[in-house]
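Structure first, commentary second.
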Amino acid sequence: MRLKDRVALITGAGSGIGKATALTFAREGARVACADIDAAAAERTAKAIEQAGGTGLALAGDVAEAKDVRAMVDRTVGAWQRLDVLFNNAGIPQRPTPIEEFDDAFYEKLVAVNIRGVYLGCKHAVPVMKRQGGGVIINTASTAAIRPRGGLNIYCATKGAVMAFTSALALELAPFKIRVTAIAPVVTDTPMLPGFMAGPDGPEVRKALMASVPLGRLATPEDIANGALFLASDEGAMLTGSVLKVDGGRCI
434 MRLKDRVALI TGAGSGIGKA TALTFAREGA RVACADIDAA AAERTAKAIE
484 QAGGTGLALA GDVAEAKDVR AMVDRTVGAW QRLDVLFNNA GIPQRPTPIE
534 EFDDAFYEKL VAVNIRGVYL GCKHAVPVMK RQGGGVIINT ASTAAIRPRG
584 GLNIYCATKG AVMAFTSALA LELAPFKIRV TAIAPVVTDT PMLPGFMAGP
634 DGPEVRKALM ASVPLGRLAT PEDIANGALF LASDEGAMLT GSVLKVDGGR
684 CI
């Protein structure tokens with residue numbers, strides 16, 4: 434078991450990549466705090482972990498709210514006395530939108546969830562990791578920040594910010610034996626996927642998306658979870674400041 438006896442906190446764990454990663458980490462021996470803005474979804478993930486023989490804890494909260502993130506960390510540490518892995522995974526999508534038509538309120542929401550949420554997770558987890566002598570932080574970026582798709586202007590910017598923040602924080606925290614990495618998924622078959630589409634979801638839309646990936650398919654949540662497992666485990670011990678592209682060749 435690659436994460437035996439470790440404690441992980443995963444945001445956005447109620448569905449998609451977050452849920453798949455929570456189940457994967459638990460299968461590899463971690464105790465997993467499953468945080469999501471949807472309390473019922475967080476409960477379902479924690480219950481699935483328990484039913485599979487693992488140890489899970491459901492946490493409800495909004496990653497854009499400091500008090501909620503502080504509570505997530507406090508409850509995780511209160512339950513298990515440590516925090517070895519933080520996966521800042523929660524995020525929201527953007528439909529392709531011309532910049533002159535972009536809604537200012539939605540701009541603020543994208544920034545709040547996709548950037549502020551990552552910042553708050555790190556801010557409140559780092560003191561715990563410093564006290565215990567180390568840890569791992571994984572931030573969800575995107576291939577959209579490396580090879581942008583037209584119309585995803587603000588989404589691309591938020592994920593680019595996550596990548597820059599990851600690099601800077603990796604330098605800051607290396608002396609404390611805290612590794613900071615990012616994972617950049619290609620378009621992934623999750624409940625969030627339609628939120629990136631200009632029109633209704635359908636076979637032709639998905640066919641076009643798959644055509645942009647050299648391996649010819651969408652990523653699965655499990656593809657991304659396996660990448661996160663590598664980054665969290667001792668197999669990734671020499672990686673910090675790195676961005677792992679799980680992209681089927683999209684960024685070549």
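According to our numbering, the sequence shown holds residues 434 to 685 in order. The beta-carbon is built from N, C-alpha and C at its ideal position, and this holds for glycine as well. In this text the structure is predicted, and so the values were computed from the model without any measurement.
Span of the beta strand (DSSP E) holding V440? 440 to 444
Answer with buried or exposed for R439, where buried requires no fewer than 16 other C-beta atoms within 10 angstroms of its C-beta. buried
Per-residue DSSP class, three states only, for I571: strand
What runs of the beta strand (DSSP E), each 3 residues or longer, lie entirely inside the stretch 595 to 658? 611 to 618
Work out the CA separation of R683 and R508 for me, nearest whole Å. 39 Å
One or two residues paired with F520 in a DSSP bridge: I443, I571
By how many angstroms is the C-alpha of Q527 removed from the C-alpha of I587? 8 Å
Skipping 5 residues on each side, what residues in its chain have a beta carbon closer than 8 Å to that of A558? L442, V506, L516, L519, G568, I570
Neighbour-count burial assignment, M562, 16 or more Cβ in a 10 Å radius: buried
Okay, do the stretch 672 to 680 and the stretch 623 to 643 touch, 3+ Cβ pairs below 8 Å being the bar? no
I470: buried (16+ other C-beta within 10 angstroms of its C-beta) or exposed? buried
Cβ separation of K452 and T478, assumed to be a contact under 8 Å, to the nearest whole Å: 5 Å
K678 lies in the beta strand (DSSP E); which residues open and close that run? 676 to 679
Grab me the residues of M434's own chain with a C-beta within less than 6 Å of its C-beta, minus the 5 sequence neighbours each way, in chain order. E461, G462
From the DSSP secondary-structure annotation, give me the bridge partner or partners of A661. BP columns for A661 are empty, so no partner.
The stretch 614 to 624 in contact with the stretch 642 to 659 per 3-pair CB rule at 8 Å: yes
Within 10 angstroms of its Cβ, does L604 collect 16 or more other Cβ (buried), or is it exposed? exposed
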